[in-house]
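Protein chains: 4
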Amino acid sequence: MTEHFSANNNTEDWAQELLALGGEEKMTPKQVAILQAAVDVFAEKGYAGTATSEIAQKAGVAEGTIFRYYKTKKDLLLSIVGPTMSRLLAPFVIRNFGNLLDKSFDSYEDFLRSLIRNRLEFARKNFKILQILIQEIPFHPNLREQFMEDIMSKVFERISAQVEHFKQKGEIIDIPAPTLIRFTASAIIGYIMTRLLLQPNKEWNDEEEIELLIRLIGHGIAADPGDRSV
Amino acid sequence: MTEHFSANNNTEDWAQELLALGGEEKMTPKQVAILQAAVDVFAEKGYAGTATSEIAQKAGVAEGTIFRYYKTKKDLLLSIVGPTMSRLLAPFVIRNFGNLLDKSFDSYEDFLRSLIRNRLEFARKNFKILQILIQEIPFHPNLREQFMEDIMSKVFERISAQVEHFKQKGEIIDIPAPTLIRFTASAIIGYIMTRLLLQPNKEWNDEEEIELLIRLIGHGIAADPGDRSV
Amino acid sequence: MTEHFSANNNTEDWAQELLALGGEEKMTPKQVAILQAAVDVFAEKGYAGTATSEIAQKAGVAEGTIFRYYKTKKDLLLSIVGPTMSRLLAPFVIRNFGNLLDKSFDSYEDFLRSLIRNRLEFARKNFKILQILIQEIPFHPNLREQFMEDIMSKVFERISAQVEHFKQKGEIIDIPAPTLIRFTASAIIGYIMTRLLLQPNKEWNDEEEIELLIRLIGHGIAADPGDRSV
Amino acid sequence: MTEHFSANNNTEDWAQELLALGGEEKMTPKQVAILQAAVDVFAEKGYAGTATSEIAQKAGVAEGTIFRYYKTKKDLLLSIVGPTMSRLLAPFVIRNFGNLLDKSFDSYEDFLRSLIRNRLEFARKNFKILQILIQEIPFHPNLREQFMEDIMSKVFERISAQVEHFKQKGEIIDIPAPTLIRFTASAIIGYIMTRLLLQPNKEWNDEEEIELLIRLIGHGIAADPGDRSV
DNA sequence: TATGAATGAGAATTCATTCAT
DNA sequence: AATGAATGAATTCTCATTCAT
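Line by line, the protein sequences are chains A, B, C and D. Mapping the first sequence onto full-length UniProt numbering, position 33 (from 1) lands on 33, and the numbers just tick up by one. Mapping the second sequence onto full-length UniProt numbering, position 188 (from 1) lands on 188, and the numbers just tick up by one. Mapping the third sequence onto full-length UniProt numbering, position 56 (from 1) lands on 56, and the numbers just tick up by one. Mapping the fourth sequence onto full-length UniProt numbering, position 42 (from 1) lands on 42, and the numbers just tick up by one.
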């Protein structure tokens with residue numbers, strides 16, 4: 001199952017998604033309980049600040065049970081955070097073979113709309129795990145590397161293709177792609193984080209906010225009138 | 001010493017700034033060493049992942065010495081992170097009594113330019129401490145509260161005043177201030193983090209990048225031509 | 001089946017011997033696998049250093065299966081080591097009723113030759129179990145007692161009879177039997193251990209070494225010329 | 001301080017010897033207590049069968065204290081067993097430069113007498129540690145290697161020199177040195193082990209036993225009358 | 001002021017054993 | 001008969017903190 005921005009992501013819950021990962025490898029209820037408890041406590045207290053005993057207690061299992069499923073505490077962390085990292089970035093890595101550019105978008109705004117909706121939805125569903133991911137990346141070099149090298153570079157490549165495409169169409173100002181992408185990404189991430197992390201309890205009208213956001217970004221990066229190529 | 005965006009911030013080093021904090025309370029060289037070591041290790045391994053013994057070793061003091069100066073490990077953290085948090089937000093909280101609006105800026109762009117330059121400089125100087133601050137805020141409710149309630153609200157108030165000011169001058173699109181501020185802040189923070197954290201080794205032309213950033217934000221939030229109020 | 005030095009011991013393998021022990025109690029293949037795995041791992045890592053899970057894994061059975069056959073880990077050890085201990089010392093305990101002395105040997109050298117060959121063969125076949133036995137005897141008082149009291153004493157009695165016999169024939173120097181026996185046993189055990197444990201890979205000419213060993217012992221304990229009783 | 005067989009070894013106690021090892025590095029009383037407790041318990045229950053908590057209790061210290069002095073349980077073992085192993089074999093490794101042969105002995109019997117007395121004394125003083133050494137060597141490859149390669153080979157070399165020397169003088173039968181050495185060593189080790197380990201409570205007349213032992217070995221390896229070289 | 005030995009509560013992890021299936 | 005999930009007590013080891021010097 002590939003995730004694509006333009007597709008509605010109707011999966012329900014990170015746990016079910018994690019479950020689905022293994023395919024046939026079924027998880028016992030205890031293992032699921034462990035995972036859920038771990039996600040909760042890691043998100044709240046951080047990896048290093050969490051005692052396995054607390055996870056066990058919250059999961060309603062004996063402490064030893066955790067180590068039947070995960071050799072070490074770190075294994076437990078990685079088994080939560082690793083797959084989610086891939087899925088977070090999955091839609092950027094769809095291979096429509098031989099072509100970096102996904103042509104299904106008529107305008108950069110369309111592209112942004114799809115991107116924002118899709119990743120906001122994903123972030124909502126995987127909120128806690130993403131929290132853990134963000135919190136732990138600084139302390140786990142292998143995580144960081146996987147994030148920076150394996151994935152970010154590909155994401156950049158993909159978005160870059162879109163940006164260049166619309167730049168050539170004269171819709172986007174002709175400044176370096178990294179700057180454009182950083183600007184766009186910052187605005188989107190800023191929205192998602194405010195929405196879910198900083199002010200989750202505020203009443204949000206997502207439709208409206210997203211349209212405003214797209215408008216802000218869109219105008220920000222719009223080519224100057226005179227520059228518009230034929 | 002109040003920090004103001006428009007002022008050049010010539011302080012050299014967070015350590016000296018921390019030193020200056022106490023005013024007359026002089027710090028012994030050992031205490032300074034402890035602070036520096038703590039900053040280094042906390043930044044690298046996180047608060048919970050750091051052993052006080054490691055700090056002591058790195059500082060070249062005995063384990064017990066740390067606890068002469070700081071009752072607990074957490075005290076040590078707070079003594080590092082607390083003052084810096086205030087200083088991070090200080091320029092937003094200058095009281096020119098009775099008036100929220102700092103009128104020293106001719107345009108929103110000017111305001112942004114000053115803001116970006118100043119806070120980038122500040123972030124550069126206090127890089128590690130800010131890293132610690134960001135990493136630990138999720139896990140320390142009191143830190144979080146201090147950040148969210150005591151300070152962010154005031155920052156918001158201040159910037160809000162600027163935004164409303166320029167909105168009324170017709171320079172800024174008439175959409176809710178929170179959305180505008182979030183957009184602006186996201187773009188700025190995104191730049192600073194990329195600059196210092198994600199790609200510190202890339203060759204940066206800050207002057208140019210900042211002007212581009214201002215241009216992007218400026219166009220993004222510019223009022224539509226027809227809307228410009230007389 | 002009694003073992004006697006003078007008999008050739010043609011059994012092939014300790015496992016088969018262990019199998020034979022129970023007589024009619026047949027062992028399932030799983031049980032045999034458990035025993036073999038246990039012998040391997042106990043010998044390599046020692047009883048206390050071995051996890052039952054490792055035995056189970058090496059035996060290709062479930063962890064629980066071990067405890068179907070052996071109530072405890074210690075039971076497993078004893079079921080391996082106990083019977084072998086008896087068999088190790090069996091040839092010394094043959095009851096030719098009413099007579100401690102086995103008269104089938106013409107000389108002490110003959111007796112030694114038979115003893116050495118037979119027990120070397122036995123040690124070769126039961127190498128790992130003997131290793132376990134030696135390694136564990138210090139830590140299991142009941143094992144130690146069984147070894148020291150039940151068995152060593154009888155062994156001593158038997159050999160003592162031989163020694164006294166040949167002493168009276170004037171072939172052996174007239175010093176206390178314990179000293180003589182200790183000397184003899186040390187030389188033999190030293191050979192067997194070097195042969196099998198310390199330098200198993202050296203090229204050995206057993207025939208020759210045994211004859212040399214007998215010669216050394218023989219001359220060592222030979223009566224002084226003048227002392228030879230008529 | 002070099003140990004030489006012919007010298008009387010008047011040191012009192014392994015603990016003092018261990019203490020002396022570091023030279024200036026003084027040990028706290030607690031550390032000494034830990035070492036003594038560890039020696040006791042390791043000897044009784046074996047390394048793997050010993051809980052650090054038991055050592056701590058017996059030493060009258062907190063469990064954590066053990067790990068201030070020894071990073072791991074294994075470190076504790078090695079710090080006990082390593083130095084003793086060296087000292088056990090030290091007298092064989094004296095370098096009287098350029099000459100393998102220690103010429104201070106008039107006969108092989110003299111050499112043996114000195115060797116037996118000296119090493120018996122050593123074994124008596126370091127009894128428990130030697131017990132530990134013997135028990136643990138099978139399970140610690142690095143110990144085993146140190147023992148076999150670093151040391152045994154040199155011991156063999158040294159004794160070999162003596163043996164060859166007296167062989168040339170016609171006092172010793174002309175059979176391969178390894179066989180002679182093994183025979184001699186077995187008899188000596190057998191005596192020492194019986195003396196200290198198997199029957200420590202028996203009344204021993206060491207003087208007499210040693211003379212008997214030398215006589216037995218001596219006659220065992222004596223050249224046949226006709227072979228004596230002029 | 002500074003030390004660093006000592007602590008002991010608690011952390012992660014192991015493992016023999018049980019038991020429902 | 002056999003499994004293997006589950007347990008929980010025990011084990012090794014860590015670490016913030018104290019305190020006598």
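C-beta atoms are modelled at their ideal positions from N, C-alpha and C, and glycine is treated no differently. Remember, it's a predicted structure, so these values are computed and weren't measured experimentally.
Determine the contact status of residue i and residue j, defining contact as a CB-CB distance below 8 Å.
| i | j | result |
| --- | --- | --- |
| Ala109 (chain B) | Ile214 (chain B) | Sequence check: residue 109 (chain B) is Glu here, not Ala. Yes. Within cutoff. |
| Ala123 (chain B) | Leu196 (chain B) | yes |
| Ile151 (chain B) | Val163 (chain B) | no |
| Ile80 (chain C) | Ala38 (chain C) | yes |
| Ile217 (chain C) | Gly220 (chain D) | yes |
| Ile210 (chain D) | Arg113 (chain D) | yes |
| Glu157 (chain A) | Leu100 (chain A) | yes |
| Glu63 (chain D) | Thr52 (chain D) | yes |
| Glu136 (chain A) | Tyr191 (chain A) | no |
Have a look at the options and flag the residue whose alpha-carbon is nearest the alpha-carbon of residue i.
| i | options | result |
| --- | --- | --- |
| Leu212 (chain B) | A:Arg182, A:Lys45, A:Leu88, A:Lys167 | A:Arg182 |
| Lys167 (chain A) | A:Asp206, A:Ala222, A:Ser114 | A:Ala222 |
| Ala187 (chain C) | C:Asp174, C:Ile116, C:Glu121 | C:Ile116 |
| Pro138 (chain C) | D:Leu198, D:Phe92, D:Glu209, D:Thr179 | D:Leu198 |
| Ser160 (chain C) | C:Lys125, C:Gln146, C:Pro178 | C:Pro178 |
| Gln36 (chain A) | A:Leu77, A:Leu101, A:Arg68 | A:Leu77 |
| Val61 (chain C) | C:Glu208, C:Gln31, C:Arg87, C:Pro83 | C:Gln31 |
| Leu88 (chain B) | B:Thr50, B:Thr184, B:Phe127 | B:Phe127 |
| Asp206 (chain A) | A:Val93, A:Ser107, A:Glu121, A:Arg68 | A:Glu121 |
| Asn142 (chain A) | A:Gln57, A:Tyr191, A:Lys74 | A:Lys74 |
| Met27 (chain A) | A:Leu180, A:Asp102, A:Ala56, A:Tyr69 | A:Tyr69 |
| Lys154 (chain C) | C:Lys58, C:Met85, C:Phe92, C:Trp204 | C:Phe92 |
| Pro29 (chain D) | D:Phe105, D:Ala48, D:Gln135, D:Ala59 | D:Ala59 |
| Met85 (chain D) | D:Phe105, D:Thr72, D:Glu145 | D:Glu145 |
| Pro83 (chain A) | A:Thr194, A:Met193, A:Phe147 | A:Phe147 |
| Asp106 (chain C) | C:Lys71, C:Trp204, C:Lys169, C:Thr184 | C:Lys169 |
| Ile175 (chain B) | A:Glu208, A:Glu54, A:Met193 | A:Glu208 |
Counting contacts by CB-CB distance shorter than 8 Å, is residue i in contact with chain D?
| i | result |
| --- | --- |
| Ile210 (chain C) | no |
| Arg228 (chain C) | Model confidence at Arg228 (chain C) stands at a pLDDT of 44, short of 50, so the residue's coordinates are unreliable and nothing is read from them. |
| Gln146 (chain C) | no |
| Ser186 (chain C) | yes |
| Ala48 (chain C) | yes |
Less than 8 Å between CB atoms is the rule here; does residue i satisfy it with respect to chain B?
| i | result |
| --- | --- |
| Asn8 (chain A) | Residue placement at Asn8 (chain A) is poorly supported in this model, since its pLDDT is 45, which falls under 50; the coordinates are not used for a value here. |
| Lys45 (chain A) | yes |
| Leu216 (chain A) | yes |
| Glu108 (chain A) | With the sequence shown as reference, residue 108 (chain A) is identified as Tyr, and Glu is not the correct amino acid for it. Not one chain B Cβ lies under 8 Å of Tyr108 (chain A). |
| Ile175 (chain A) | yes |
| Arg119 (chain A) | no |
| Thr84 (chain A) | no |
| Ala62 (chain A) | no |
Between residue i and chain A, is there a C-beta pair that is closer than 8 Å?
| i | result |
| --- | --- |
| His219 (chain B) | yes |
| Phe139 (chain B) | yes |
| Leu213 (chain B) | yes |
| Gly23 (chain B) | Only weak support exists for where Gly23 (chain B) lies, its pLDDT of 48 falling under 50; the value from the coordinates is given anyway. Chain A contact via Cβ: absent. |
| Phe183 (chain B) | yes |
| Ala123 (chain B) | no |
| Thr179 (chain B) | yes |
| Ala37 (chain B) | no |
| Thr72 (chain B) | no |
For chain C, is any of its Cβ atoms less than 8 Å away from the one on residue i?
| i | result |
| --- | --- |
| Leu89 (chain D) | no |
| Ile189 (chain D) | yes |
| Ala51 (chain D) | no |
| Gln135 (chain D) | yes |
### Query
What residue ranges within the stretch 131–189 of chain D form continuous alpha helix (DSSP H) runs of no fewer than 4 residues, ordered along the chain?
Fully enclosed alpha helix (DSSP H) runs of 4 or longer: 141–145, 153–168.
### Message
Extract the residue ranges of the alpha helix (DSSP H) inside the stretch 14–74 of chain C, only unbroken runs of 4 or more that lie entirely within it.
### Response
Listed in chain order, they are 14–21, 29–45, 52–59, 63–69.
### Inter-stretch contact at 8 Å, needing at least 3 Cβ pairs: the stretch 43–50 of chain A / the stretch 121–141 of chain A
Counting Cβ pairs under 8 Å, three or more are found: they touch.
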